[in-house]
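Residue numbers (this note's numbering): 220 to 287.
Just so it is clear, CB atoms sit at the ideal spot from N, CA and C, and this is done for glycine as well.
Worksheet: one structure, shown below.
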């Protein structure tokens, strides 16, 4: 946070997620596949309560232009 109260996000703190069972997960690989899907603008993969979760931001313009 700077002196004016703005927060700058510079990237992911870890490039690998480690599950409780010891499995290594590289979220960038999953995000890349998700981002290439129709109607997906951006995605973020993370661990939440020991479950793999993807947050998806839709491509609203593309979806609306196809009647969705």
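Residue i - DSSP class collapsed to helix/strand/coil
i: residue 282; result: helix
i: residue 277; result: strand
i: residue 233; result: coil
i: residue 271; result: strand
Beta-carbon gap between residue i and residue j smaller than 8 Å
i: residue 273; j: residue 244; result: no
i: residue 236; j: residue 266; result: yes
i: residue 228; j: residue 220; result: no
i: residue 260; j: residue 276; result: yes
Alpha helix (DSSP H) segment containing residue i, residue limits
i: residue 248; result: 246-254
In DSSP terms, what residue i is bridged to
i: residue 228; result: Paired residue(s): none; residue 228 is not in a bridge.
Extent of the continuous beta strand (DSSP E) to which residue i belongs
i: residue 267; result: 259-267
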